[in-house]
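> Numbering follows my numbering, in which position 176 of the sequence shown is assigned residue number 219; successive positions increment by one, without gaps.
Okay, here's the structure, questions in a sec.
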Amino acid sequence: MRSILFVFFLSLLPLLAGNPNAAARHVRSFDQSMKEWVAQVQAAKNGDAQARIWTQRPKPEVAGRRIWAEIRNNLSEGWTIEYAAWLLENSPEVLAPKQNARQVPGAIRIRKAIEKFHVKSARVAPYCIAVTHFPDPGVLKVLESIEQENPDKRVQGAAALGQAILLRKLDQGGEGGIVPKRQAKMRKAIIDGHDLIVGKRKLSDIAQAEIDQFRLSIGAEAPDLRGIDIATKPFALQDYRGKVVVLFFWHTWMKEAGRTLEIMRKLHQNLQGKNAVIIGVSADHAKTLRKMTADGDAPWRNFFDNDRKLASQYHIDRWPRIYVLDHNGKIRHK
């Protein structure tokens with residue numbers, strides 16, 4: 044009986060083993076789907092056609108589940124690091140804790156595998172940056188180990204930059220208290236990792252974007268935004284100096300969009316008659332945004348930011364995001 048079970052177990056091993064070629068194929072397929080989707084949006088003949096195509100945007104979690112199936116039983120192998128990084132950056136929902144689930148979340152499994160098997164790996168740099176999209180206090184220790192133990196100075200720089208980004212996102216010790224440490228980590232990243240390519244970006248460019256985040260610290264003056272609303276009327280954030288501004292970056296396909304928009308509608312009602320206002324920055328298609336405004340689903344004034352140029356000024360990489368500005372345009376909450 045034992046021998047039969049052993050043979051049965053051996054027969055399952057090929058099914059459990061992941062395939063780097065299959066993982067690469069899933070990434071290529073998603074990238075190709077995105078290129079085709081963008082081309083369809085750009086080629087749409089009118090607003091109705093573009094709005095219809097907009098709803099067909101490829102979902103990264105579909106590719107993410109397939110990639111996770113390939114790597115989850117092979118996290119001790121170096122080839123999985125690249126795809127773990129892709130998941131953390133593009134489809135973190137796949138790795139998040141599941142409601143009423145007993146399994147260890149995928150992000151934690153990846154973190155433990157990195158800590159156990161890959162701290163000294165030359166391949167670990169993409170993980171050091173991608174993991175900042177999934178803030179987890181336990182990752183800081185892993186990144187510190189990579190910075191101290193990895194033999195490649197460029198990888199050390201990536202680990203230092205990952206720490207700088209996470210310290211900001213996790214607000215460890217209060218924003219004021221972490222500034223010197225973040226500055227030191229970014230300095231190391233720029234010196235040691237300036238020519239390292241992580242994904243499709245230079246580490247120095249990622250570090251520069253993080254330096255720009257200092258402009259968005261509590262107490263700093265918020266960068267001005269200039270654009271158009273759904274009526275194509277130009278306006279600027281500075282037009283609202285003298286008022287408290289709730290600056291709301293959003294779109295309709297963000298996680299829990301319905302619940303978030305309901306909260307913001309209630310806030311909009313509560314602010315009526317007060318010296319405060321919500322200003323939205325929406326990445327939605329113009330027709331979608333106009334309909335939502337007309338239906339009362341988004342009654343506040345919105346910048347139309349379909350190309351996300353305004354969101355990029357605030358380095359928005361996850362939606363929703365809110366900044367509260369005082370009457371002098373200084374950031375007080377975020």
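Note that the Cβ used here is the ideal one computed from N, Cα and C, for glycine as well.
Helix, strand or coil for glutamate 120, going by three-state DSSP, please let me know.
If DSSP states are grouped into helix, strand and coil, glutamate 120 belongs with coil.
> Using a threshold of 8 Å, state whether the C-beta atoms of isoleucine 249 and isoleucine 189 are closer than that.
No, these two residues do not count as a Cβ contact at 8 Å.
> Relative to the C-alpha of lysine 243, which candidate in Glu132, Asn371, Arg258 has its C-alpha closest?
For lysine 243, the nearest C-alpha among the options comes from Glu132.
> Checking the sheet assignment: what are the DSSP bridge partners for isoleucine 365?
Answer is Phe291, bridged to isoleucine 365.
> In terms of residue numbering, what span does the beta strand (DSSP E) encompassing arginine 375 cover?
Run containing arginine 375: 374 to 376, per the beta strand (DSSP E) assignment.
> Could you tell me the alpha carbon to alpha carbon distance between lysine 309 and lysine 286, rounded to whole angstroms?
For lysine 309 and lysine 286, the distance between alpha carbons rounds to 19 Å.
> In chain order, what residues of the same chain lie with their CB nearer than 7 Å to the CB of tryptophan 129, ignoring the 5 residues before and after it?
Around tryptophan 129: Val70, Ile110.
> Taking alanine 87 as the reference, give the member of Gln356, Lys212, His328 with the closest Cα.
Checking every option, the nearest Cα to that of alanine 87 belongs to His328.
> From arginine 108 to lysine 317, what does the alpha carbon distance come to, in whole angstroms?
Distance between the alpha carbons of arginine 108 and lysine 317: 47 Å.
> Taking 8 Å as the cut-off, does the stretch 195 to 212 touch the stretch 231 to 243 (at least 3 CB pairs, one atom from each stretch)?
Verdict: yes, contact present.
> Taking the C-alpha atoms as reference points, what is the distance between tryptophan 388 and serine 355?
Absent from the model: residue 388. The displayed extent of the chain is 44 to 377, so no value can be given.
> Going straight from the alpha carbon of asparagine 349 to that of aspartate 238, what length do you get?
When rounded, the distance between both Cα atoms is 32 Å.
> Buried or exposed, going by whether 16 or more other CB atoms sit within 10 Å of the CB of alanine 106?
Counting Cβ neighbours within 10 Å, alanine 106 comes out buried, since at least 16 surround it.
> Tell me which residue opens and which closes the beta strand (DSSP E) that asparagine 345 is part of.
344 to 347 is the extent of the beta strand (DSSP E) around asparagine 345.
> Report the three-state DSSP secondary structure of alanine 263 (helix, strand or coil).
Coil at alanine 263, not helix or strand.
> Apart from the five residues just before and just after alanine 252, which ones in its own chain have a Cβ nearer than 6 Å to its Cβ?
Taken in chain order, the residues that qualify are His358.
> Assuming alanine 320 and tyrosine 366 make a contact with CB atoms under 8 Å, what is their CB distance in whole Å?
In the sequence as presented, alanine is not what sits at residue 320; that position holds valine. At roughly 13 Å, the Cβ-Cβ gap does not stay under 8 Å, so valine 320 and tyrosine 366 are not in contact.
> Sort Ala127, Phe292, Gln199 by Cα distance to phenylalanine 346 and report the nearest one.
With distances taken between Cα atoms, phenylalanine 346 lies closest to Phe292.
> Among the candidates Lys78, Gly200, Asp267, Lys377, whose CA atom is the shortest distance from the CA of lysine 352?
Nearest option by C-alpha distance: Asp267.
> Can you tell me whether phenylalanine 278 is helix, strand or coil according to DSSP?
Reduced to three states, the DSSP call for phenylalanine 278 is strand.
> Tell me the residue span of the alpha helix (DSSP H) that contains arginine 333.
Start and end: 329 to 337.
> Here's the rule: buried if 16 or more other CB atoms are within 10 angstroms of the residue's CB, otherwise exposed. What is arginine 225?
Arginine 225 is buried by the Cβ-count criterion.
> Looking only at its own chain, which residues have a Cβ that is under 6 Å from the Cβ of glycine 216, when we skip the five neighbours before and after it?
With a pLDDT of only 43 at glycine 216, under 50, the local geometry of the prediction cannot be trusted, and no value is derived from it.
> Whose C-beta lies closer than 8 Å to the C-beta of histidine 294 among residues of the same chain, with five residues either side of it excluded?
Closer than 8 Å at Cβ, skipping near neighbours: Ala300, Ser325, Ala326, Asp327, Trp362.
> Would you check if the stretch 177 to 196 and the stretch 143 to 162 touch, i.e. whether three or more CB-CB distances between them fall below 8 Å?
Because the criterion of three Cβ pairs below 8 Å is met, the stretch 143 to 162 and the stretch 177 to 196 touch.
> In the DSSP assignment, find the beta strand (DSSP E) that holds serine 325 and state where it starts and stops.
319 to 325 is the span of the beta strand (DSSP E), which, as asked, contains serine 325.
> How is the beta strand (DSSP E) around arginine 269 delimited, first residue to last?
Taken as a continuous stretch (DSSP letters only), the beta strand (DSSP E) holding arginine 269 covers 269 to 271.
> Tell me, to the nearest whole angstrom, how far the beta carbon of proline 167 is from that of asparagine 193; I am working on the premise that it is less than 8 Å.
Contrary to the premise, residue 167 reads as valine rather than proline in this sequence. Rounded, the Cβ-Cβ distance is 7 Å, consistent with contact.
> Could you tell me the distance, in whole angstroms, from the CA atom of aspartate 255 to the CA atom of valine 137?
Aspartate 255 and valine 137: Cα-Cα distance of roughly 30 Å.
> Going by alpha carbons, who is nearest to glycine 323 out of Leu210, Asn371, Arg269?
Among Leu210, Asn371, Arg269, the Cα nearest to that of glycine 323 is on Arg269.
> On the criterion of 16 or more Cβ atoms from any shown chain inside 10 Å, does arginine 197 qualify as buried, or is it exposed?
With 16 or more other Cβ atoms within 10 Å, it is buried.
> Can you find the residues in the same chain that come closer than 8 Å, C-beta to C-beta, to arginine 211, ignoring five residues on each side of it along the sequence?
Contacts found: Glu218, Ile221, Arg225, Glu253, Gln256.
> Would you say threonine 336 and isoleucine 271 are within 8 Å of each other, going by their C-beta atoms?
No, these two residues do not count as a Cβ contact at 8 Å.
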